[in-house]
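S.K.:
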Ligand SMILES: Cc1ncc(C[n+]2csc(CCOP(=O)(O)OP(=O)(O)O)c2C)c(N)n1
Ligand SMILES: Cc1ncc(C[n+]2csc(CCOP(=O)(O)OP(=O)(O)O)c2C)c(N)n1
Ligand code: SF4
Ligand code: SF4
Ligand SMILES: [Mg+2]
Ligand SMILES: [Mg+2]
């Protein structure tokens, strides 16, 4: 049994790094799930190349997974890792520059061969050349130990090699006192049909764990106490999963079937994958031939009375533009989910960015306004999805729901809401003529300006809708100039009017600051962490984070007017700041980061301090 | 011979109105061409339904053509007609409300039948019920007179009916002292292969002319002297024609072949049609299967060393979004011409609007900036096209050229430029390695930031380009975070830097006004006319009209800062005013018109006066 | 209860019930009128309630069709009708969904949705109005125009080799493929009727005269004597014969179909049409007898086979999932799997 | 003049000259490697200068191909490779243009550009890497996946009836249509060589193993004995036979192709392959012998006929216009037609 002492830590950032074939995402996810169950607060950041399996051993092929966990509430996946697990030289080289000074480095020493040095571009062996001084380095011959653990189990060389990540996971499980059961369960389930593979993986995992306990290599092991979190039942979720479940919940709460028409694209595909499993919730998923067909089918489903949803990323949004415009013209409820990634063009498909905001606002010909809802944390994608569907249904309009690669793949513990606590977002279909014995499909509700939703199968309400301009009321084709202007204003007023139906914005300003940081989307956690640090420095700063980006809550202008300095951090070139500027004529300064990676809390802190000192 | 006295007028607005099958567009165009040759200044406004031949006799089927001509320079097709030619009751009903008080009304009395009253929704015969008091009404049985003119020429009833517009044209030719030769020539050429049809049309045309001269019906005829215009050779052109010719000129001046990949769409198709006739200029025109293929072929042609151009309208721009983003990423020269029409969706396809500006700015995922050039008058489309191609070639970038339905179909006299006066916009292809014996496709010109254009066929410069992020310099695929940020900034800086390479904006402010009217695109003429009127009222107003919308000329901010009031008239809901607001933080007020029709000078005048009096 | 509400009178449904109140806005003489009349007259025969019928179209002259049908309808955007219609079909298997499209709408910009709809075999009746021209945009050539066509966009003649829509549909695995012509209402109805009853996608190419931009394109088939001499009418189970005296016929020879004089080969050699043939090769070979209506052209139903419709299969899959897992329970979903409890602080 | 510049040495071009300096980033074991090697080894044979060759692709694992060829290349966007390539072909008839695409890229999102490119018959060599899966997006089913395929997006099995890419290409009027498999380099080259020489569009479906997401999809054909027993290799002018002892063969019977025991019908009844047949019916019938590689599958060149290529016809039309009207004169254009002079004020 290990004699290593146990140290208590309040938070740790661990990064797993290796080849894209090394299973780093799976390792990270397993570690995270065990951590979640232990009751730590946590936040994760996966990072992987666009190729399925980029060349083995090269920098281009490095895949990593960072998890930040703590005994208190945290907001980000952490700026810099305290612990780096490097499965090969490339994984080391690509990540070691971010490891904190004095941090722990665990390497698979078997992978530190001349061939791998060459591939990674190391002139000398980093384990020997002194370049890693300043870190606590643990060299573990994981490949050999893995092979030893499954020696008699009849696995092929490739299979053995592919399970060495389980060894690393075992070591880390021991080192950080994580429970082993969840991982054992997971392996058994995953390989239920291949018991020999399950057995081998379990053997390797346990070998890793036992290695930690028995090898007397580690000077201490570490414990991070559960975080004091609001009471209730929790689970760990990624943004994509929360979003998919939010859509299911929206369908239940609207009492309407959900139709998903989608075309696979990174990083949105998982929403399609997840929803495909819930047919018993009455959810139809359709993988179309392209993005245009996907949203075309959504228009049809919406006309037919379903909640039509399409999920995609930037390139797909481009393609859907014309059909979204049709949706605006037909005034049918539907949802466009854009999981943003690095652009322009194919760009950085597996990396995160917030650069589709103005596309969502303006990316259709003609005057075609649509509401925009932006999720701001992985678990919060659940509620954002329900809210977006609520608006779509109530106002009979396409709605954009923006998330991004960081939210989509990142995870955090989620206090599961009870179904009772979810809003009723149901609606009524038209069943009767609404105008002197006739049915007028464009006779609006005077309050919401929404038009009636009369679905096929309803006798007496047969009607035709189309993309040509329609006469106010009857909906018949109309080329009348005044009518066109009227309809254009009505469509705009309907969307603008949603402002009355969303909560006022709440500014976080305990100290009466002069500087306001305004954000949207996934920067929520990092801005929060940055603001905390500034306040810890004893300086005043206020923050505002918006979920409704079109229309804005009614009080945003008033809030902005209270501050002399406004800072808008965004993972783009300043798109949201443009919106604040044209809407409120305030001198919103943009803090831009376009690296395919989230901000660090330090980035935000530094910029705030700079502006405070100006 | 007519004894009617001749009156001199300084300007006249005539509107021809009838069924879409009545040939009103042709009649208007013929009258216009004869007017142009006479040396009047002029401006035209065609207006027709989206259906090919909307139902005969109904309001929906009315097609009209307005021409404004004068002995001085004019800027607009005229707010209200002085003369209305109505070929049927529907044509009368749809247009008479705009005829000036005391105006002349010429009707085909044969069409004023009970059946046609019913179709047009007239309860009583408007020619008899006194509702036309206040106008000078001429009732001419045109159908009968037409039939008489061709009695022995063996035409079918339908053919006879279809030539009655020639009778109206003949009458108007006489009434306004237009030359008859151009129309005789035109008819002979048009029906060269059907001499009997030509003869009949000529007979009818002459019959109309002679009717005017001999019928002693008209109290006077009218003459409008030639306008005092700058000396030189003129021709009458529509915006689409001028644009097509501008592209030909750009090809000649760039010494590069032009490749047009397009898909038909109203109101852009005529550019494709026109260019299809100039194969001997080395111009390739390709009607693709859709807009995406059209611009796809343009990317290919640009890669291969041609000037790639695609022409479309709003719905087509939507579809091209993703490929424009590819063009931004590949940094290849290409031109996207958007002839804007009424939106959203199919909207009002034959009407005008300026509602694609923010689409051009932001309608692509990721940070994908492109320059925008906006033409402002029909003939000026020629120069706008050359300028847009110049920027595309010099900066290796997709460029948007915005026009609209009003510019596209409207016409005006054009002082033809000599070829010598056109700019040299040629470029050089890369022919040699540019970096230590290698060819780096993304090694930029330090001044323009443009990358080298190395076309296939050049030995030694073989290279691959793609939509994934590229390493600065080499252009190899790169997922490096810092490189992505650098490239994003470089792409933005390249476009922003064009500002140094375009003329400073010139403000028209003779009197030192407080109010500045800022416009773009086809509102140029009307804003000019409105401003003139205000100044005639003795009030001060300044104006600025921009052709370069991204980037802006360097001095725009400075100009705006000089005025306390800024008015931005646009045929949309305030898109350009948003751009001025976010860019310069000025309180630009929007004057919006979204009726599918151009502003009237009176609209502009009224709003300026209102703001001046505020 | 007031009088007159009590007794349910069986009202006979007629063509008029399917005529909407919208003014028809095609050019006088356009072939679209005849097709509209035929479809309106077919509707009462089908015994499907008006409210359960949806017509979906794209953009083009032909695509104005839904406005004139007193049913539910969507006039969508250019080329996307099959996609929109597929969404309706999947969402609502209880509805009867028709697609009306043109040669430009359905084969040019919309070609991809068309071929995918056909392979998936959605329950859609697809009427492709082929006038071999772009009508609405005023006369450019289309993917079915003959090579060398002079139009506004091709003043020196088009260069494109056209699609044969029937061959394309067969290559795309269509389960029902037919061809008709606007002018012959009776024959059109003979084809529309089985199409309406077909489970899955029914693709019907309808030759339609655009008298403004491509007048007379189908004269060879519709002129006097054209029906007998230039329409090779396919009748299931019957010998494929045509000509005034049925003196011409079709044989299959070495992998292709050929026109022969019956007298030369003998009637027994003449092929018998088999529209239910699983293998589409026979239908495909027949489709190659003419490439455009410029020679004797096969008409009628080339193929009609049974294959599961996508939307039906989707419904079955959903029903099976429901049967297996029971109706979804949101509470169970959210609280199932790996969760943990954070106790209230004490 | 310095030494060494004077003498032109005839350098032998080899496969290596076509290998770019970019690291190949496919998964180890991916079938794409074999195809890349084959194409690189074909290039020197063609005698076309490297700088006159362009490879164009869309998005997908397969679409990374151009990066690895030391020629000109464009890695475009998903589905649009044929469109981009067509622009290059039209602009520059002097170039040799290749398209590399996948079953998702070329048949799902890019299906329309594909069928239009084929009917227009651009001078393009189109290599469709069919692995019956979406590789790059990590394993969703594709339009060529078999019905019932369990993937991430179809956990209960896919419902789509797949395309037969060869049938689709034939239905779209393709002038050259072939099928090969990644593993057999020699046979692949036997097909690529005539494809490279074909005037117009050459469509080659290449079965490609994705060992990560769809491993073994083509095992039936590539396993031991598979070549003989499950590949029906089409050879122009030869009887269509297969099986270890060539004991099986193909006959045409009543409009379709059938597999028979040669012994049962006699060798003289066995069909002779004719890839140059004008009528595509024969090729189509052969394509129907298998629907996916789950039974004996015809391989080789189904069709190779001569039809004018669009880009060649475009060039002819331009040359003719030039010959007729002379080189365009801008001054004449601008000042021609109806113009008038405004004299300088005196
Ligand atoms: C995205 C888009 N591109 C182009 C158009 C213009 N457009 C409208 S209809 C049409 C073609 C019509 O041809 P077809 O489908 O054959 O119908 P027809 O008018 O002949 O019945 C085109 C190109 C459009 N409305 N939308
Ligand atoms: C517009 C757009 N939609 C979706 C994607 C995502 N995507 C990339 S490749 C691909 C499919 C790849 O399948 P296939 O063409 O068969 O190529 P493979 O990877 O199997 O070689 C998809 C859906 C994209 N890049 N762009
Ligand atoms: S243009 Fe042709 S297709 Fe269109 S309505 Fe007129 S006749 Fe019919
Ligand atoms: S995912 Fe499949 S197709 Fe893609 S590189 Fe890997 S093995 Fe090849
Ligand atoms: Mg048509
Ligand atoms: Mg694939």
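Chains as they are written, first to last, in our numbering: chain W, 2 to 615; chain F, 2 to 615; chain S, 55 to 400; chain B, 55 to 400. Note that beta-carbon positions come from the ideal geometry of N, C-alpha and C, so glycine has one too. If you're wondering where the values come from, they're calculated on a predicted model, not measured in any experiment.
Taking residue 263(B) and residue 257(B) to be in contact with their CB atoms under 8 Å, please state how far apart those CB atoms are, rounded to whole angstroms.
M.R.: Translated into positions along the fourth chain, residue 263(B) becomes position 209. Translated into positions along the fourth chain, residue 257(B) becomes position 203. Not a contact, Cβ separation roughly 20 Å.
S.K.: For residue 109(S), is the classification buried or exposed, using 16 other Cβ atoms within 10 angstroms of its Cβ as the cut-off for buried?
M.R.: For the purposes of this step, residue 109(S) is identified with residue 55 of the third chain, where counting begins at 1. That one is buried.
S.K.: Mapping the DSSP letters down to three states, classify residue 55(B) as helix, strand or coil.
M.R.: Translated into the one-based positions of the fourth chain, residue 55(B) becomes position 1. Low per-residue confidence applies at residue 55(B): pLDDT is 36, beneath 50, and the placement is therefore not dependable, though the value from the model is reported in the following sentence. Coil.
S.K.: Would you call the CB atoms of residue 451(F) and residue 442(F) closer than 9 Å?
M.R.: Taking the first residue of the second chain as position 1, residue 451(F) is located at position 450. Taking the first residue of the second chain as position 1, residue 442(F) is located at position 441. Not in contact: residue 451(F) and residue 442(F) (Cβ atoms no closer than 9 Å).
S.K.: Please return the same chain residues whose Cβ sits closer than 6 Å to the Cβ of residue 57(B), not counting the five positions on each side in sequence.
M.R.: Within the fourth chain, residue 57(B) is the residue found at index 3, counting from 1. Bear in mind that the predicted position of residue 57(B) carries a pLDDT of just 40, short of 50, making it too unreliable to give a figure here.
S.K.: Is it the case that the Cβ atoms of residue 344(W) and residue 315(W) are separated by a distance below 9 Å?
M.R.: Counting from one through the first chain, the residue named residue 344(W) turns up at place 343. Counting from one through the first chain, the residue named residue 315(W) turns up at place 314. Closer than 9 Å, so yes.
S.K.: Can you confirm whether the segment 46-63 of chain W touches the segment 424-442 of chain W when touching is taken to mean that 3 or more C-beta pairs between the two stretches lie within less than 8 Å?
M.R.: They do not touch, by the three-pair rule.
S.K.: Determine which residues of the segment 447-471 of chain W have a Cβ less than 9 Å from any Cβ of chain S, and write them out in chain order.
M.R.: Flagged, chain order: 455, 456, 457, 458, 459, 460, 461, 462, 463, 464, 465, 466, 467, 468 and 469.
S.K.: At what residues does the alpha helix (DSSP H) containing residue 141(B) begin and finish?
M.R.: Walking along the fourth chain from the start, residue 141(B) turns up at place 87. Residue 141(B) -> alpha helix (DSSP H) spans 135-145.
S.K.: In chain order, what residues of the same chain have a beta carbon less than 8 Å from the beta carbon of residue 60(B), not counting five sequence neighbours either side?
M.R.: For this step, residue 60(B) is matched to residue 6 along the fourth chain. Unreliable positioning characterises residue 60(B) in this predicted model, as indicated by a pLDDT of 41, which lies under 50. A coordinate reading is not provided.
S.K.: Is the number of C-beta pairs between the segment 381-394 of chain B and the segment 275-288 of chain F that are closer than 8 Å three or more?
M.R.: In short, these stretches touch, since the Cβ pair count reaches three.
S.K.: Secondary structure at residue 580(F), three-state DSSP: helix, strand or coil?
M.R.: Taking the second chain and counting its residues from 1, one reaches residue 580(F) at position 579. Note: residue 580(F) maps to helix in three-state DSSP.
S.K.: Can we say the segment 204-211 of chain B touches the segment 278-291 of chain B, given the rule of at least three CB pairs closer than 8 Å?
M.R.: Cβ pair count under 8 Å is below three, so no.
S.K.: Out of 241(W), 566(W), 576(W) and 577(W), state which residue places its alpha-carbon closest to the alpha-carbon of residue 615(W).
M.R.: As a first step, residue 615(W) must be located in the first chain, where it is residue number 614. The residue with the shortest Cα to Cα distance from residue 615(W) is 566(W).
S.K.: Measuring CA to CA, which of 153(B), 86(B) and 232(B) is closest to residue 190(B)?
M.R.: Your numbering for residue 190(B) matches position 136 in the fourth chain. The shortest Cα separation from residue 190(B) among 153(B), 86(B) and 232(B) belongs to 86(B).
S.K.: Please go through the same chain and pick out, in chain order, the residues whose beta-carbon is closer than 6 Å to the beta-carbon of residue 118(S), but skip the five residues on each side of it.
M.R.: Counted from its first residue, the third chain places residue 118(S) at position 64. Counting only Cβ-Cβ distances below 6 Å, and skipping sequence neighbours, we find nothing.
S.K.: Can you check whether the CB of residue 101(W) is closer than 9 Å to the CB of residue 173(W)?
M.R.: Start at 1 with the first residue of the first chain, and residue 173(W) comes out as number 172. Start at 1 with the first residue of the first chain, and residue 101(W) comes out as number 100. Against a cut-off of 9 Å, the Cβ pair of residue 101(W) and residue 173(W) comes out as no contact.
S.K.: How should residue 507(W) be labelled, buried or exposed, when 16 other C-beta atoms within 10 angstroms of its C-beta is the threshold for buried?
M.R.: Position 506 of the first chain holds residue 507(W). So residue 507(W) ends up on the exposed side.
S.K.: Should the segment 181-198 of chain S be called in touch with the segment 487-498 of chain W, which here means at least 3 C-beta pairs below 8 Å?
M.R.: Result no; under three Cβ-Cβ pairs closer than 8 Å.
S.K.: Opposite residue 139(F) in the DSSP bridges: which residues?
M.R.: As a first step, residue 139(F) must be located in the second chain, where it is residue number 138. For residue 139(F), which the question treats as bridged, DSSP gives the partners 107(F).
S.K.: Quick one: what does DSSP say residue 259(B) is sitting in, helix, strand or coil?
M.R.: Residue mapping note: residue 259(B) aligns to position 205 of the fourth chain, counting from 1. Looking at residue 259(B) - three-state DSSP - the assignment turns out to be strand.
S.K.: Taking the C-alpha atoms as reference points, what is the distance between residue 692(W) and residue 257(W)?
M.R.: Limits of chain W in this structure are 2 at one end and 615 at the other, which puts residue 692(W) out of reach.
S.K.: Please return the same chain residues whose Cβ sits closer than 6 Å to the Cβ of residue 138(F), not counting the five positions on each side in sequence.
M.R.: In the second chain, the residue the question calls residue 138(F) occupies position 137. The residues are 106.
S.K.: I want to see whether chain W comes within less than 9 Å of residue 191(B), judged by CB atoms only; does it?
M.R.: Taking the fourth chain and counting its residues from 1, one reaches residue 191(B) at position 137. For residue 191(B), the answer is yes, since a Cβ of chain W falls inside 9 Å of its Cβ.
S.K.: Alpha carbon to alpha carbon, how far is residue 475(W) from residue 445(W)? Give it in angstroms, no decimals.
M.R.: Position 444 of the first chain holds residue 445(W). Position 474 of the first chain holds residue 475(W). In a straight line, the C-alpha of residue 445(W) is about 10 Å away from that of residue 475(W).
S.K.: Taking all protein chains shown into account, do 16 or more other C-beta atoms lie within 10 angstroms of the C-beta of residue 180(F), making it buried, or fewer, making it exposed?
M.R.: Counting from 1 along the second chain, the entry for residue 180(F) is found at position 179. Its Cβ having fewer than 16 others within 10 Å, residue 180(F) is exposed.
S.K.: With respect to the beta strand (DSSP E) encompassing residue 415(F), which residues constitute its N-terminal and C-terminal limits?
M.R.: Taking the second chain and counting its residues from 1, the one referred to as residue 415(F) is at position 414. Per DSSP, residue 415(F) belongs to the beta strand (DSSP E) from 412-416.
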